[in-house]
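Following: one structure in structure tokens, then a few remarks.
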């Protein structure tokens, strides 16, 4: 094979065949390193932008999930061209061209083949009636088939998955989430036999049977049986049994898509192909033909082709490095795997089967609990060679980066299920790979934390989300996130940045601990709390936090009983202060629905007080420019007209955005407006660690943008899909699917639990996305608590929300009833009737009032004819 390291002096053409994760990673790697002198064209057979196949199980249960890799804006670069729906059919190595099924020809100087693999097909009669599990179209077809069969048969669908490996179990779990009866047929004696030994496989079998799966092991299917109309009715087994089936998914493995090399090799014998497929590459991913590279599942390295994201990413980076003059080499395959199956913890890495000569196996097994843990070491019990964890994979994240290194304690100490206490702390060497998906070392993480990495401006990183964005660690499979968080906290501590859970210097408890303490002991005042758990007089951190916690647990008047002095500026004024010192007024408009009469009231108030008006992104009308002393006057008119506080100033529910739903829209399948109003009226005034936003869409077209909200609800023909943990802001996050096809009662029950669990356990000023991300287990932990009641607190959470609903009071209506409360709305305490003349307004070119500039104020003072707003709200 020819060494390929020189970077071209003139613009050269790179053609990438394939549009999967490996192709995307290569394009991204070239884009990151710089595309000067290059023109890169990607030929993607599928019609989509490159998407994350690792997360394909999400698309099985949610057809609307966006799995697009990276930022779509990357493809706008003038040197990057993505051709979707373009299938390459042949390579001419002499002419250096690629031809496609559409009749196009692309010339190249370098060809990178990333065609991936195809799902293996069953070599049995009736195989044409099965589904496979490989592309978005594949999983969408399974989703639709289960939905159609459920309606047609009028009962639960029997969904058989043939294959008990990693992909087969994820497929079966997806069919179960779609409401089918999951049945797994596995030719081996135990599940995941490629990754797990017999003890681990049997433990896994107990776990999935406990989840309601039916498992047939040790026998192969002989035929997929259908009726006269071609409808699947069962699977005939080799031992003569028939397993009832309405739908069959074959997940028996993959085969490298190396047909381009086989066709090109037919006469010239240019390429070496592996005995089980794939084109042979050297240690820098070059084939035997100069200028042609192979990466991902189509590449055969040392006799192996693997369908794992980590080696594919590494190969892509190596080729990009070589094309830019580097000397990177491929270190070999990282075969570590972790099963993504809710409630079933499985992980395997390294020499899991102890094939190394004289290796030791340290095992803990509890078959009754479905727990199996094994660590494989060298014969001196010091160097880690591999491991298997089923039922409790807690040690996996700490041990995996230590593969091939000496352990800091005796191996048995890491078997957490054995009840030996906490696993010993492990100091990862700088060259240890912490995130194998993106090949990020512990040293790179330390560099980022200490301000000498690749982040913008090399500023020190202090937050987990920022660290992930900077290094890409933890952004794909996510299994390294717990270790990533631990390393971040360790490095901050070393740098003298105290990683403390203390709320502030005055209270040593974390917000979660403080919340539970106040709740259990029924504390009701700041003074009482500080006397028992604090020191000093408090600060601008603990005061509003305690006020927020008290408001979360008690719906009494938010400024009453001395709590007014604890609040920040906005809460004290029950309005948002703007940069010019005035305040905004935002009445609640539940679900965005409003009568013409109420619209008229808002218009009249805005005109009377010369307020700037703006329709917000949450479907409300914001009125800007009110002075402090005017707020009660404005709110009296609004309250008298039936409005109440929109809580735009509080760390609380802001809005529930909705589309017009089935009432008006011809696409609507549920009444999204009615649901949005019901949700907003239920959760109005709910105080929380950060602001909350919700959205309700009446169909899958998602006009209310519900998946960008903390809680998003999307209608289906069968009920409501519930999404949680979406946020905007500096680090936007899409909400993740929590539950599907819910009726109204169940939907509200789950939202009650979700909000209350968040309110009780989140950190101060932590949005739901970051809270959910940092929970051990992420969305699956949330599902276990909210849907499955794994902590046994569901009734308590629901009762807490019911108390909030029953005791809610409108803050502005309460304020207007009490003259003493109105005293706080004065610009000058010693002259309560005096108006604040320091703020001047002028009309802009659109006729809206805005704060005057310094020059405009000066012209006002010398008698200019510019119309201004006076300090007396009743005057023009």
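Residue numbers (our numbering): 16 to 891.
Here a beta-carbon is modelled for each residue, glycine too, at the ideal position from N, C-alpha and C.
Source: prediction; values computed, not measured.
Measure the Cβ-Cβ separation of residue i and residue j and say whether it is below 7 Å.
i           : j           : result
residue 311 : residue 37  : yes
residue 769 : residue 739 : yes
residue 521 : residue 495 : no
residue 667 : residue 711 : no
residue 620 : residue 652 : yes
residue 247 : residue 236 : no
residue 721 : residue 335 : no
residue 484 : residue 475 : no
residue 400 : residue 371 : yes
residue 840 : residue 647 : yes
residue 260 : residue 173 : yes
residue 783 : residue 821 : no
residue 208 : residue 216 : yes
residue 73  : residue 155 : no
If contacts are defined as beta-carbon pairs under 8 Å, then residue i and residue j qualify, I think. What distance do you get, rounded to the angstrom?
i           : j           : result
residue 125 : residue 231 : Contact doesn't hold; Cβ gap of about 48 Å is too wide.
residue 105 : residue 275 : 7 Å
residue 99  : residue 752 : Going by Cβ atoms, the distance from residue 99 to residue 752 rounds to 26 Å, so no, they are not a contact pair.
residue 598 : residue 829 : Incorrect: roughly 18 Å between the Cβ atoms, too far for contact.
residue 750 : residue 727 : 5 Å
residue 606 : residue 691 : 3 Å
residue 827 : residue 538 : Between residue 538 and residue 827 the Cβ distance is about 27 Å, and since that is not below 8 Å, they are no contact.
residue 175 : residue 258 : 6 Å
residue 330 : residue 314 : 6 Å
residue 524 : residue 548 : 6 Å
residue 654 : residue 831 : 6 Å
residue 456 : residue 447 : 6 Å
Check the DSSP bridge columns for residue i and list the partner residues they point to.
i           : result
residue 709 : 671 and 726
residue 738 : 727 and 752
residue 399 : 392
residue 381 : 386
residue 251 : 238 and 257
residue 450 : 455
residue 207 : According to DSSP, residue 207 bridges with nothing at all.
residue 786 : Note: residue 786 sits in no beta bridge, so no partner.
residue 198 : 175 and 229
residue 895 : Beyond the ends of the chain as shown, which are 16 and 891, falls residue 895; an answer cannot be given.
residue 375 : 392
residue 769 : Partner(s): none; residue 769 has no beta bridge.
residue 698 : Answer is none; residue 698 lacks a bridge partner.
Residues in its own chain within less than 6 Å of residue i by CB, not counting five upstream and five downstream?
i           : result
residue 86  : none
residue 393 : none
residue 499 : 488 and 489
residue 809 : 768
residue 806 : 800
residue 332 : 44
residue 67  : 82 and 84
residue 140 : 238
residue 50  : 94
residue 638 : 600, 621, 626 and 628
residue 656 : 616
residue 359 : 222
Please work out which residues of its chain come closer than 7 Å, Cβ to Cβ, to residue i, disregarding the five sequence neighbours upstream and downstream, and give them in chain order.
i           : result
residue 46  : 89, 92 and 95
residue 39  : 65, 84 and 85
residue 269 : 132, 133, 134, 135, 312 and 322
residue 48  : 335 and 339
Take residue i and list the residues in its own chain whose beta-carbon comes closer than 8 Å to its own, dropping the five residues that flank it on each side.
i           : result
residue 756 : 194, 731, 733, 734, 735 and 736
residue 29  : 45, 53, 54, 55, 56, 123, 124, 125, 126, 127 and 338
residue 876 : Residue confidence for residue 876 is low, a pLDDT of 44 falling below 50, so the modelled location carries little weight and cannot support an answer.
residue 582 : 558, 559, 562, 573 and 574
residue 635 : 601, 602, 603, 604, 607, 661, 663 and 670
Please indicate yes or no: does the CB of residue i lie closer than 6 Å to some heavy atom of the ligand SAM?
i           : result
residue 192 : Looking at this structure, you won't find the ligand SAM or any other ligand, since it has none at all.
Inset, instruction - List in chain order: all unbroken beta strand (DSSP E) runs of 3+ residues lying wholly within the region 27-58. - result: If we require 3 residues or more, the beta strand (DSSP E) runs fully inside the region 27-58 come out as 27-32.
Legend entry - Runs of alpha helix (DSSP H) wholly within the region 612-694 (minimum 4 residues, chain order): DSSP runs (the alpha helix (DSSP H)) wholly in the region 612-694: 646-655 and 676-679.
Legend entry - Contiguous alpha helix (DSSP H) assignments of at least 4 residues, all confined to the region 70-140: Those alpha helix (DSSP H) runs which fall completely within the region 70-140 and span 4+ residues are 71-76.
Inset, instruction - Could you pull out every unbroken alpha helix (DSSP H) segment of at least 4 residues lying fully inside the region 314-347, listed in chain order? - result: Given a length threshold of 4 residues, each whole run of the alpha helix (DSSP H) inside the region 314-347 is given here in chain order: 324-338.
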